[in-house]
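Visitor: Mapping of the sequence shown onto my numbering: position 415 corresponds to residue 608, and the numbering continues sequentially without gaps.
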Amino acid sequence: MASKKSPPKSASSGRPKNRPAKNHGAPGENGDGFDSPADGSDAPDRHGVSFPVVGIGASAGGFEAALTLLKHLPTDTGMGFVVIMHLDPRHKSKLTELFSRVTGMPVREIRNGMALEPNHVYILPPNSDTVLAGNRLQLMRRGENVRVHMAIDHFFRSLAEQQGDRAIGVVLSGTGTDGTQGLGAIKAEAGITFAEAETSAKYFGMPGSAIDAGCVDAILPAERIASELARIARHPLIRPRTKARAKEPEPFPESADALGKIFFLLKQNSTVDFSLYKHTTLRRRISRRMVLQRIERVEDYVSLLRSNRDELEALFRDLLINVTCFFRDKKVYTALKKKIVPRLLKGKAEGGEIRVWVPGCATGEEVYSLAICLSEEITRTSHNLKLQVFGTDLSEPAIAKARVGHFPDLIAKDVSPERLRRFFIKTATGYQISRGIRDLCTFARQNLCEDPPFSRLDIVSCRNVLIYLGPELQKRCMPVFHYALNPVGFLLLGTSETVGPATDLFTLIDKRNKIYVKKNVTSTANLEFTAKAFLATRPEPTTNSQTSRAEITMPGPIDLQSQADRIILTQYAPSGVIIDTRMRVHEFRGRTGRFLEHAPGAATLNLLQMVRPGLVVDLRTAIHRALKEDDTVRKEGIPLKINGHPYEVTIAVVPFTLAPSGEKWLLVLFEEGRAIDTEKTHSLAKGGKVSSDGRDTEIHRLRSELGANKQSLQAIIEEQEATNEELKSANEEIESSNEELQSTNEELETAKEELQSTNEELTTLNEELSNRNIEMAQMNNDLTNLLSSINIPILMVDNSLAVRRATPLAEKLFNLIPSDIGRRLSDLKANLTISDIDNMIREVLESLTTRESKVQDMQGHWYSLRIRPYRTRDNKIDGAVITLVDIDEEQQNISRLELASQHTDAILDTVYEPLAMLDADLKVRKASRAFYKTFDLNRKKTEGLHFCEIGAGEWDVQQIRNLLEIMLPKTRRIIDFPVEVNFRRLGRRKLVFNARRLESKEEPLVLLAIEDVTNHQTRR
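1. In the structure shown, what three-state DSSP assignment does R628 receive?
2. Give the straight-line distance between the Cα atoms of I772 and S648, rounded to the nearest whole angstrom.
3. Whose C-beta lies closer than 6 Å to the C-beta of S351 among residues of the same chain, with five residues either side of it excluded?
4. Counting only the same chain and skipping the five closest in sequence on each side, list residues whose C-beta sits under 7 Å from that of A1202.
5. Compare the C-alpha of D281 against each of E665, S321, G248 and name the closest.
6. Just curious, the beta strand (DSSP E) that K619 is in, first and last residue?
7. Look up A605 in the DSSP assignment and say whether it is helix, strand or coil.
8. In the DSSP output, which residue or residues are listed as bridge partners for D586?
9. Express the C-alpha separation of F600 and W550 in angstroms, rounding to a whole number.
10. Quick one, which of Q667, V847, L563 has its alpha-carbon nearest L633's?
11. Compute the distance between the beta-carbons of G248 and F348, then report whether it is under 8 Å.
12. Output yes if chain C places a C-beta closer than 8 Å to the C-beta of M307; else output no.
13. Kindly list the residues whose CB is nearer than 6 Å to the CB of E864, restricted to its own chain and excluding five residues on each side of it in sequence; keep chain order.
14. Report all residues from its chain with a CB closer than 8 Å to the CB of R1064; omit the five preceding and five following residues, and keep chain order.
15. Measure the C-alpha to C-alpha separation of T556 and G783 and round it to an integer number of angstroms.
16. Just to confirm the assignment, what range does the alpha helix (DSSP H) spanning H817 have?
17. Less than 6 Å between C-beta atoms, sequence neighbours within five positions excluded: which residues of the same chain meet that for N964?
18. In angstroms, rounded to a whole number, what distance separates the CA positions of A815 and T916?
19. Using the Cα positions of T585 and S500, report the straight-line distance between them to the nearest angstrom.
20. Taking one C-beta from the stretch 599-619 and one from the stretch 510-527 each time, how about it: are there three or more such pairs within less than 8 Å?
21. Using 8 Å as the threshold, is the stretch 661-674 in touch with the stretch 466-477, meaning 3 or more CB pairs across them?
22. Helix, strand or coil, according to DSSP, for G226 in the structure here?
23. Within its chain, find whatever has a CB closer than 7 Å to the CB of W1055; leave out the 5 residues flanking it on each side and keep chain order.
24. Would you identify the three-state DSSP class for C566, choosing helix, strand or coil?
25. For I1168, which of helix, strand or coil comes out of DSSP?
26. Between E589, K903, A819, which lies nearest to Q639 when the distance is taken from Cα to Cα?
27. Distance check for G357 and N462, CA to CA, integer angstroms please.
28. Among the residues of its own chain, which have a CB less than 7 Å from the CB of P535, if the five just before and after it don't count?
29. Is the distance from the Cβ of Y315 to the Cβ of F256 below 8 Å?
30. Do N974 and the ligand ADP come close, with the Cβ less than 7 Å from some heavy atom?
31. Straight-line CA distance for N924 to E914?
32. I need the DSSP call for L266, collapsed to helix, strand or coil.
33. Using a Cβ-Cβ cutoff of less than 8 Å, which residues in the same chain neighbour G866 once the five nearest sequence positions on both sides are dropped?
34. Taking C-beta to C-beta, are F1170 and L1156 nearer than 8 Å?
35. Please check the pair R1132 and Y1125, which I expect to be a contact at CB under 8 Å, by giving their CB distance rounded to whole angstroms.
36. Would you check if there are 3 or more beta carbon pairs closer than 8 Å linking the stretch 258-268 to the stretch 415-426?
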């Protein structure tokens, strides 16, 4: 299926429901709080400005990063810049004045209704929020009762809605998660997103959250983000097309040629065909990748895709971006409770089941939302019903994330506190869906347009998926939904979607929320879910119609084989039919018109009534023999007139059965043979002269026909005899009915015998149970020996934390004796320094994840404690498995390394001479206190930088570069190397460098000793 979010959202469920931009599962759910495109295209109607707009979000520590970014930006990018920073609402902001000092662009504080202009910088004032509406910035006072305030997300979402692929989002240093959802909305609309790198961000909370969410295109320091923005501004797919550029070639021509090549490459790589998705969004997503790859011509991008599989994968992921949220459009869930759930509950018997399918489920928020909503109603009405919610999507990563069910703290904005308390578990990094709700939901990868759907469903929620599909795919989806739903089943679509021409399949019951109910009519659509052969073998388009066959990409071995098989089956295989034992035709193979024709009268599929008269006798005989002998029967040389000319026809009847039912079927094949020489036959009939060979041939033919007639007559006789036997049997059954009435008394007398038989059955059952006990004892012995031979401490506990099994080493570490089996682990005093093992096990049982920690035994020996869920064969959780891995040697090595590091730090802090230790990339690893003091440097701003970049580049002297990059790699040690450096604060200083390479298997280092000899006539 495709999925709900991508340009392709999946027509299948693959929106492609993999909607090219949203959830690969269902193109709908942008998760940004704004409705998906409502126009006929797959892109929203844009009313923003014609030039790109860059939103810059920052929080704690982001002021310097924002200054750096604006400082390095050209003043003529043609972009508009809006800076959103978390400011103290009680103090007036001076950002406008401060930013004006570092950039030549006009810097203005936002006022309500202010028009957005290119090459301008706009600053959000304190205690306010802003959104982009058309070409103006709307200012609004910040709400006092908002639980989670996200000013950056608020603006970014409006920027994505208004600007689409001309929206650019930048998240700089800050704490929290503000900006993550906004960047996701921008990327979902084919915009470009940046986050500040951890090496330069003072606080990595906001950039890190966005990166972890997978909605960042580039991770760079602030100055490099400025360079990328300047480059993007010059890209032909981004910059506005002015009158002066009107005659320039279009960078992305409307020709389907280039798109066709890209679709072909994607089809080869992912098996997903995007050609029937709406092309508007696809072009926007492809343009976005071209901008990121610094490519201006689509032909060059096609060449890159052919040679770079990573970029092909990146494009596919871009087309299937997953962006959604919990309880999106709450009015739909209100309508669900009021209009759908009561009707479902009324029609369900106690113990029944409600089944729901969400094509294009993305990362699962909609699936879990429906599960929560329906479970609330089932509990409220006290109905004893089961609930099963299926979520499908084209994106494997999205499905994997949905199965885990872990979501960031941001969901608190969409989920009420009561629901968070009831259905979620708070974790250190967000919220985990409770086990009860997770057990109701099943996730799987599926292509809505090609894979078989689920069945016996009560609700199909396919919201905002169809808007990303072409008319053909939309038309194909409706019969699939109709087939999947129960007679009283409901279809939920997005607010911008309809069932189109499928009004004969569904009735609209809620126009506002787009809720439909299934009509009880027979769908005539052909649900061929796996018919992919044509798409799989379709050649890649080419712009040169004269391209020779040799230049076309050759298919692989499997394609060659399937293509050859298709040609053989369609052009050379004999014609035939598949029938059951009642002579009813179920399938026609090849062209059977020469041998079959419809008889006058009522329509029928009985083979003997359809076959041409000249074949009836022989065909009846062959079928009879094939059924009787259960073997292939051939009848050759059967004369038959075809188009007025006599031919010899061969009939082959092949019986076969289908597992597991064992039902018998027959394959009847017709082979057209040579034409019969009518002139010889006519001459022979008149007594004319015919050669002896011709006479013998004719005699042989006549004898064959006579033999066939005898066999046919014999078959008829046998059939008649079988009919007589059946009549006799029927008569006997009638007679036996009277005997059965008379035998009632006899049955009462046999009750004793039946009781005795029951006793025998119980005896047999006891024997079977005894055998099972023997097998279980053998298995138990095997398991005991296995655990005894394993030289690893392993302990198994059940759901009540009672000890189930343990290896000998585990018995020593947990201080177990044989009688402790069945006791709770907390009642035992383990020889380990661990106090909260019970809580750790309960957390594993609840979250179904593995926990690991380091522990010591009483002698100080180190182990890695790992706790995993204990799963039964039917995938039920029945306890936990605890293992301890010996890591003492590894831990001792770590301790020695830490001690060595402490010694190094102590030496560096003690010596009076400036020392610096560099890594293999010549970045400052550590430096002595004298180094920072002598050269007036800051430790935090120095460590991690290239030695020539410290002090704002003051050390970038050619002599130092020659020493570090040329001389030192050639020799292990350099002594008394003079260098002159001009420092802004210290002035020109004469320095003497002593350098030495420290070779190490783990990491080579460089030690620098620096002496300031400026005030010395000669060195001491």
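Backbone N, C-alpha and C fix where the C-beta goes; we use that ideal spot for every residue, glycine too. It should be emphasised that the depicted structure is a prediction, and the values quoted were computed from it without experimental measurement.
Guide: Here's the rundown:
1. R628 falls in the helix class under three-state DSSP.
2. Straight-line Cα distance between these residues: approximately 28 Å.
3. So the qualifying residues of the chain are V324, L325.
4. Contacts found: E1106, L1108, N1187.
5. Across the set E665, S321, G248, the C-alpha of S321 shows the shortest separation from the C-alpha of D281.
6. Counting along the chain, the beta strand (DSSP E) containing K619 begins and ends at 617-620.
7. Correct three-state label for A605: helix.
8. As a beta-bridge residue in DSSP terms, D586 pairs with R638.
9. In a straight line, the C-alpha of W550 is about 21 Å away from that of F600.
10. Comparing Cα-Cα distances from L633 to each of Q667, V847, L563, the minimum goes to L563.
11. Contact: yes.
12. Within the model displayed, chain C is absent; a lone protein chain is all it includes.
13. The residues P767, T843, in chain order, have a CB closer than 6 Å to that of E864 in the same chain once the five nearest residues on each side in sequence are set aside.
14. For R1064, the CB contacts under 8 Å within the same chain, skipping 5 residues up- and downstream, are I1070, D1071 in chain order.
15. T556 and G783: Cα-Cα distance of roughly 46 Å.
16. Counting along the chain, the alpha helix (DSSP H) containing H817 begins and ends at 806-822.
17. Cβ neighbours of N964 beyond the five flanking positions: none.
18. About 19 Å.
19. So the two alpha carbons sit approximately 32 Å from each other.
20. Enough Cβ pairs lie closer than 8 Å, so yes.
21. Enough Cβ pairs lie closer than 8 Å, so yes.
22. Confidence at G226 is low in this model, with a pLDDT of 33, below 50, so its placement is unreliable and the value that follows should be read with caution. Secondary structure at G226: coil, using DSSP grouped into helix, strand and coil.
23. Beyond the five residues adjoining it in sequence on each side, W1055 comes within less than 7 Å, by CB distance, of K1047, Q1049, I1080, D1081, Q1084 in the same chain, given in chain order.
24. C566: helix per DSSP, three-state reduction.
25. DSSP places I1168 in strand when its eight states are reduced to three.
26. In terms of CA proximity to Q639, E589 leads the group E589, K903, A819.
27. If I take the Cα positions, the gap works out to 28 Å.
28. No residues qualify anywhere along the chain.
29. With respect to the 8 Å criterion, Y315 and F256 are not classified as neighbours on the basis of their beta carbons.
30. You won't find the ligand ADP in this model; it holds no ligand whatsoever.
31. Their backbone Cα atoms lie some 15 Å apart in a straight line.
32. L266 falls in the coil class under three-state DSSP.
33. Same-chain partners within the cutoff: E829, G830, Y840, E841, V842, T843.
34. Against a cut-off of 8 Å, the Cβ pair of L1156 and F1170 comes out as a contact.
35. Indeed, because the Cβ distance is near 6 Å, the residues count as touching under 8 Å.
36. Contact between the stretch 258-268 and the stretch 415-426 is present: 3 or more CB-CB pairs across the two stretches fall below 8 Å.
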